[in-house]
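A.B. asks:
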Amino acid sequence: MLLIRTVSGEVLVTIELASFLDTLAAGSHPVRALKQHLYSLCGLPRFRQKLIALDDGVVLNDTDDEHILRPGDVQLVLVSFSLASEAQIEELRRAAENGLTSVVETILQKPQDPDLGHPAPLVRASEHGHLEVARLLLEAKADKDKVNAVGATPLFLAAYKGRLEVARLLLEAKADKDKAANMDTTPLHIAAAAGQWEVAHLLLESEADTDKVTDVGATPLLLAADYGQLEVARLLIESKADKDKAMNDGATPLSMTASKGHLEVARLLLESKADTDKAANDGITPLYLAAQNGQLEVARLLLESKADKDNAVSDGTTPLLIATDREQMEVVRLLLESKADKDKAMNQGATPLLFAAGRGQLEVARLLLESKADTNKAMNNGATPLFFAAQNGQWEVARLLLESKADKDKAKNNGTTPLHIAADKAQLEVVRLLLQAKADTGKAKNNGYTALRCAYSRGHSQVACLLLEAKADLDKATNASQSPLRP
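Number 74 in the numbering used here belongs to position 43 of the sequence shown; there are no gaps in the numbering.
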């Protein structure tokens, strides 16, 4: 028999030694096994237990193979942590980071507190995937949820780096599977973003919160979609993750994948019946984002899935408008082939053609005109595509518009025509084009200024010469009855 006594001499437990030894697995150290057995009775791990054979005073060492168990009385002494210097604390942290199992065992035997240092040894071991070191530290009752400077737990770091077996060990030790780091990011969030499928699967099996959100409202599925992690996204959907749960700004998983062009993730979401047109708080839909960022194949997939091709954001911008604005030629072509409204305007009246004209996007303008875009559809202030091309000196687009029968004299609400604005801005080539197209040189603005008066008032002599060559009326007066030559 083996009698374990406390320091006071009381019998803590009596053990049938032969039976106990028979239960041990092959290769198990009997003294270590005894200490591990006593943990449930004394509440302290083996590193803080000292066993003394009372018949000869020998300390039974659980790291020395020469020490065996024999019948008799053994005293159990519970030991406090030893004081540790900064150098000793750093030594344990370095050993944990580098996977030096025997060094960690030796230090813990002092015994030394396993949680000293920042980040703690278990944090280091978990991040670097050192399973046996992590096992030792957990046996020493290291805090399984102790965080580093950014709030990341050992489980969080194991999830991020894909340390599957370390993550499994931590979960078996009852680590908090949903404890979040900074920005409320959980282990499942980081596993999803990093594409760590096996760890994500393990966390889901451990009933991690599938739809827990970060501080900006992102779910694990949204992060998987954002980073294009197809298999993790599939796993989350199979685990009944909310495929339409939006961030604080209203962006959904489909929005994120459309923006980044992750085609297969988008396909998975659509096959899983994600809302094709669910818009963010500002009205931006997945199709809008795909158009804005030139994600042609995702845009095609969304259109095949019956996405609303003309759904506008709060200022009236449609997918076609934003694709034009960003000069996403192939997306513009796709939207036009899909019968997007080529003349649908923003709230202030700007059409896709007007955008293309003002920006000098010749090929986009050509596409729009081939699709019969209205050459004269004006903004609320009356400005036409030709007006904007003239104002910005986009002579090639201006020529294309004139060839497409744009009204060369259509004026803004204040009476300013394309020729007026071209003269005012000294857009010489545009002035020449408009004059060749027989623009009205005598037409005056509401304030009475003709194109010639605009040129002279700005000191644009070359423009004035062109206008005079075109027989502009030198003496046509302003409202103040002043000749252009006598301002």
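Beta carbons: idealized from backbone N, C-alpha and C, even for Gly.
Between Asp146, Asn412, Asp93, which has its C-alpha nearest Leu114's C-alpha?
C.D. replies: Reading the sequence shown from its first residue, position 83 is the one you call residue 114. If we check each option's Cα against that of Leu114, Asp146 comes out closest.
A.B. asks: Under the assumption that Gly193 contacts Glu229 (Cβ atoms under 8 Å), give the Cβ distance between them as a whole number of angstroms.
C.D. replies: Taking the sequence shown and counting its residues from 1, the one referred to as residue 193 is at position 162. Taking the sequence shown and counting its residues from 1, the one referred to as residue 229 is at position 198. Correct: roughly 7 Å between the Cβ atoms.
A.B. asks: From this set, Ala272, Phe419, Ser50, which residue's C-alpha is nearest Pro251's C-alpha?
C.D. replies: Walking along the sequence shown from the start, residue 251 turns up at place 220. Comparing Cα positions, the closest option is Ala272.
A.B. asks: Taking only the alpha-carbon atoms, compute the straight-line gap between Arg36 and Lys177 and give it to the nearest angstrom.
C.D. replies: In the sequence shown, residue 36 corresponds to position 5, counting from 1. In the sequence shown, residue 177 corresponds to position 146, counting from 1. Rounded to the nearest angstrom, the two C-alpha atoms are 35 Å apart.
A.B. asks: Closest to Ser50 by CA distance: which of Ser286, Leu100, Val90 is it?
C.D. replies: Within the sequence shown, residue 50 is the residue found at index 19, counting from 1. Here the closest residue by C-alpha is Leu100.
A.B. asks: Please list, in chain order, all residues of the same chain as Gly148 whose beta carbon is under 6 Å from its beta carbon, the five residues on each side excluded.
C.D. replies: Taking the first residue of the sequence shown as position 1, residue 148 is located at position 117. Here the set comprises Ile120, Arg124.
A.B. asks: To the nearest angstrom, how far is the alpha carbon of Lys436 from that of Ile268?
C.D. replies: Within the sequence shown, residue 436 is the residue found at index 405, counting from 1. Within the sequence shown, residue 268 is the residue found at index 237, counting from 1. Lys436 and Ile268: Cα-Cα distance of roughly 54 Å.
A.B. asks: Which residues in the same chain have their Cβ closer than 8 Å to the Cβ of Leu85, if we skip the five residues on either side of it in sequence?
C.D. replies: The residue given as residue 85 occupies position 54 in the sequence shown. Cβ neighbours of Leu85 beyond the five flanking positions: Arg36, Gly103, Asp104, Val105, Gln106.
A.B. asks: DSSP on Arg265, reduced to helix/strand/coil?
C.D. replies: Residue numbering aside, residue 265 sits at position 234 when the sequence shown is read from its first letter. Helix.
A.B. asks: Look at the Cβ atom of Ala330, then the Cβ atom of Ala322, and state whether they are nearer than 8 Å.
C.D. replies: Taking the sequence shown and counting its residues from 1, the one referred to as residue 330 is at position 299. Taking the sequence shown and counting its residues from 1, the one referred to as residue 322 is at position 291. Yes. Within cutoff.
A.B. asks: Do Val362 and Ala354 have their beta-carbon atoms positioned less than 8 Å apart in this structure?
C.D. replies: For the purposes of this step, residue 354 is taken as the residue at position 323 of the sequence shown. For the purposes of this step, residue 362 is taken as the residue at position 331 of the sequence shown. Yes, the Cβ-Cβ distance between Ala354 and Val362 is below 8 Å.
A.B. asks: Excluding the 5 residues preceding and the 5 following Asn526 in the sequence, name in chain order all residues of the same chain whose CB lies nearer than 6 Å to its CB.
C.D. replies: Look at the range of the chain in this structure, 32 to 518, and you will see that residue 526 is not part of it.
A.B. asks: Using 10 angstroms around the beta-carbon of Leu497, count the other beta-carbons present and answer buried if the total reaches 16, otherwise exposed.
C.D. replies: Here residue 497 refers to the residue found at position 466 when the sequence shown is read from its first residue. Buried, since its Cβ has 16 or more Cβ neighbours within 10 Å.
A.B. asks: What is the rounded straight-line gap between the Cα of Val244 and the Cα of Phe187?
C.D. replies: For the purposes of this step, residue 244 is taken as residue 213 along the sequence shown, with counting starting at 1. For the purposes of this step, residue 187 is taken as residue 156 along the sequence shown, with counting starting at 1. In a straight line, the C-alpha of Val244 is about 15 Å away from that of Phe187.
A.B. asks: Please classify Gln106: does DSSP put it in a helix, a strand, or coil?
C.D. replies: Looking up residue 106 in the sequence shown gives position 75. Gln106: strand per DSSP, three-state reduction.
A.B. asks: Whole angstroms is fine: what's the gap from Ser512's alpha carbon to Pro317's?
C.D. replies: On the sequence shown, position 481 is the one that residue 512 refers to. On the sequence shown, position 286 is the one that residue 317 refers to. Because the pLDDT at Ser512 is just 40, under 50, the model does not fix this residue reliably, and the point stays unresolved.
A.B. asks: Spatial neighbours of Gly40 within its chain, please: C-beta separation below 8 Å, excluding the five flanking residues on both sides.
C.D. replies: Here residue 40 refers to the residue found at position 9 when the sequence shown is read from its first residue. Nothing meets the Cβ criterion.
A.B. asks: Applying the 10 Å Cβ sphere with the 16-neighbour rule, what's the burial state of Val263?
C.D. replies: As a working mapping, residue 263 is identified with position 232 in the sequence shown. Buried, since its Cβ has 16 or more Cβ neighbours within 10 Å.
A.B. asks: Check each candidate in Asp308, Leu499, Leu82 and name the one with the smallest Cα separation from Arg463.
C.D. replies: As a position in the sequence shown, residue 463 is number 432, starting the count at 1. Closest by alpha carbon: Leu499.
A.B. asks: Under DSSP, the beta strand (DSSP E) around Arg567 begins and ends at which residues?
C.D. replies: Residue 567 lies beyond the residue range present for the chain, which begins at 32 and ends at 518; the question has no answer from this structure.
A.B. asks: Along the alpha helix (DSSP H) that carries Val134, what are the first and last residues, could you check?
C.D. replies: Reading the sequence shown from its first residue, position 103 is the one you call residue 134. 132-139 is the span of the alpha helix (DSSP H), which, as asked, contains Val134.
A.B. asks: Extract the residue ranges of the alpha helix (DSSP H) inside the stretch 425-469, only unbroken runs of 4 or more that lie entirely within it.
C.D. replies: Entirely contained in the stretch 425-469, the alpha helix (DSSP H) runs reaching 4 residues are, in chain order, 426-434, 449-455, 459-467.
A.B. asks: Which runs of the alpha helix (DSSP H) spanning at least 4 residues fall entirely within the stretch 168-252, listed in chain order?
C.D. replies: Counting whole runs of 4 or more residues, the stretch 168-252 contains the alpha helix (DSSP H) stretches 185-192, 195-203, 218-225, 228-236.
A.B. asks: Distance, Cα to Cα, Thr307 vs Ala277?
C.D. replies: Residue mapping note: residue 307 aligns to position 276 of the sequence shown, counting from 1. Residue mapping note: residue 277 aligns to position 246 of the sequence shown, counting from 1. C-alpha separation (whole angstroms): 13 Å.
A.B. asks: Cutting at 6 Å between CB atoms, please list the residues of its own chain near Gly380, excluding the five before and the five after it.
C.D. replies: The count along the sequence shown starts at 1 and reaches residue 380 at position 349. Excluding residues within five positions, the ones whose Cβ falls inside 6 Å are Met410, Asn411.
A.B. asks: In the DSSP assignment, the alpha helix (DSSP H) including Ala297 goes from what residue to what residue?
C.D. replies: Within the sequence shown, the letter at position 266 stands for residue 297. First-last of the alpha helix (DSSP H) with Ala297: 294-302.
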